[in-house]
Amino acid sequence: MNDQPKIHAAPAAQPPFPEPGVPQIRNINWAGTWALYAKEVRRFLKVQLQTVWAPAITTLMFLVIFIVALGGSGRTVLLRGEAVPFADFIAPGLIIMGMINACFANASFALMVGKVQGTLVDYLMPPIAVGELLFALVASSVTRAMFVGFALWLAMALWPGVHVTPAHLWAVAWFGLLGTSFIAFLGVLTSIWAEKFDHGAAITNFVIGPLALLSGTFYSIDRLPPVFQAISHANPFFYIISGFRYGFVAAADTNVVVGSSVLLALNLVLGGLCYALLKRGWKIKA
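Heads up, the sequence shown is in the numbering used here, so the first residue is 54 and it goes up one at a time.
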């Protein structure tokens, strides 16, 4: 009788990487998310003269009109009792306004053009989750806004008599991120709803444009009657521009903590709404 102890063979070690041709996606599809983000960024960079430089130059024209044509170089604006040179007051508002317009244009284009051209399936078939799709679309739109914002900041920094050196860099970055993310979610929501380019243009002309122009970009709301001050406080764009301006001139029309809280809440609400509509496939899936 063999009394030797039995030796059990150890289980074969699992290979650290999947076999070639056998894709494995765990938790988050980083490769797919990055691919979609890179695709969207390359799309607007391929025509950067139209998507980056043209909006920057158009917005810069407002600065030229107000500073040169209206003789605003010696004027000041009272901002919470603090006199701010008019050029320094208007420059941050113009920068973030250009970023808002570029961000919305990018976010509202992707899914809408897929519907018009019949290429929407390119967004639906890849193995990426709804959250990954939404993140890539929003992140690429924020990236385009950053390109436009930097181009505007550089042009204004070189313009004589305009000072755009940040006083609070954290406020510039925080409100720039919160503001463009909110606009990106709004653009994705428009892209989900819109079925043709006229729908997107209607939101741009009748919603985004008026809200941006009537948000305190060119004036301080302290000079408005109480009724219009209340209306301005109901405009979410007001908190974006006021907080972003605070980062440059260290003064704002409203409390930056309140503005930050409002924008953060709006981002969560719009982000959740976009996620729910994409998950449901509303106006996207047959």
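All residues carry an ideal CB built from backbone N, CA and C; glycine is no exception.
Practice problem: Answer yes or no: does any C-beta atom of chain D fall closer than 9 Å to that of A208? | Solution: Protein chains in the displayed structure number just one, and chain D is not present.
Practice problem: If I'm right that L239 touches L187 with Cβ under 8 Å, what's the distance once you round it to whole angstroms? | Solution: Actually they do not touch by this definition, with Cβ atoms about 13 Å apart.
Quiz item: Tell me which same chain residues have a C-beta within less than 7 Å of the C-beta of A303, skipping the five on either side of it?
Solution: A220 and H221
Self-check item: Alpha-carbon spacing of N154 relative to N82, whole angstroms
Solution: 30 Å
Exercise. Please work out which residues of its chain come closer than 6 Å, Cβ to Cβ, to Y299, disregarding the five sequence neighbours upstream and downstream, and give them in chain order.
Key: A224, A305 and V309
Practice problem: Mind listing, in chain order, the continuous alpha helix (DSSP H) runs of no fewer than 4 residues lying wholly within the segment 245-285? | Solution: 250-256 and 262-266
Practice problem: State buried or exposed for R333, treating a residue as buried only when at least 16 other CB atoms are found within 10 Å of its CB. | Solution: exposed
Quiz prompt | the segment 189-207 contacting the segment 264-281, beta-carbon criterion three pairs below 8 Å | solution = no
Quiz item: When DSSP builds the beta bridges, which residues end up paired with A136?
Solution: L131
Quiz item: What are the uninterrupted segments assigned as alpha helix (DSSP H) that are 4 or more residues long and contained completely in the segment 143-225, given in chain order?
Solution: 163-170, 174-177 and 183-211
Self-check item: Close-in-space but distant-in-sequence residues of the same chain around K168 (CB under 7 Å, 5 per side omitted)
Solution: E248
Practice problem: Measuring alpha carbon to alpha carbon, tell me which of L205, A109, F297 and G325 ends up nearest F228. | Solution: F297
Self-check item: Cα-Cα separation between N288 and G262, rounded to whole angstroms
Solution: 12 Å
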